[in-house]
Amino acid sequence: MFFITPGPEKDRLTMMDLSNFEIISTVDLTSKQENNYTFHRTPAPEMILLEAAAGQDDCILFLIKQSEGNITIEKTKSLQ
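When the letters of the sequence shown are read in order and numbered with this note's numbering, they come out as residues -2 to 77.
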């Protein structure tokens, strides 16, 4: 399971194992609390799109990849 936790400087993306509620991995995002996050499925089960929208001002798409308990995140596009 993925979830976002807000922070004073950066928000964090966290991956949790639901079988034992253990935190597997955490990655800092470049965004702050002003963003609204939405997760989107992709055809590839190991990839998820994360949309970080800041109202009408900006929208950033991140590609989240999970592999063997690790997550990597890359900024794919900024829509302004």
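Here a beta-carbon is modelled for each residue, glycine too, at the ideal position from N, C-alpha and C.
Using only CA atoms, which one of the options lies nearest to residue i?
{"i": "residue 35", "options": "19, 58 and 17", "result": "58"}
{"i": "residue 6", "options": "62, 52 and 27", "result": "27"}
{"i": "residue 73", "options": "4, 44, 33 and 31", "result": "44"}
{"i": "residue 62", "options": "1, 46, 33 and 4", "result": "46"}
Excluding the 5 residues preceding and the 5 following residue i in the sequence, name in chain order all residues of the same chain whose CB lies nearer than 7 Å to its CB.
{"i": "residue 21", "result": "12, 13, 14 and 66"}
Suppose you measure from the CA of residue i to the CA of residue j; what does that come to, to the nearest Å?
{"i": "residue 24", "j": "residue -1", "result": "11 Å"}
{"i": "residue 60", "j": "residue 69", "result": "8 Å"}
{"i": "residue 52", "j": "residue 4", "result": "19 Å"}
{"i": "residue 40", "j": "residue 64", "result": "16 Å"}
{"i": "residue 33", "j": "residue 42", "result": "23 Å"}
{"i": "residue 82", "j": "residue 17", "result": "Residue 82 lies beyond the stretch modelled for the chain, which goes from -2 to 77, so this question has no answer here."}
Write down the C-beta distance between residue i and residue j rounded to the nearest angstrom, noting that I regard them as a contact closer than 8 Å.
{"i": "residue 48", "j": "residue 37", "result": "6 Å"}
If you drop the 5 nearest sequence neighbours on each side, which residues of the same chain put their C-beta closer than 6 Å to that of residue i?
{"i": "residue 31", "result": "51"}
{"i": "residue 71", "result": "60"}
Return the first residue and the last residue of the beta strand (DSSP E) that residue i is part of.
{"i": "residue 22", "result": "19 to 25"}
{"i": "residue 48", "result": "44 to 51"}
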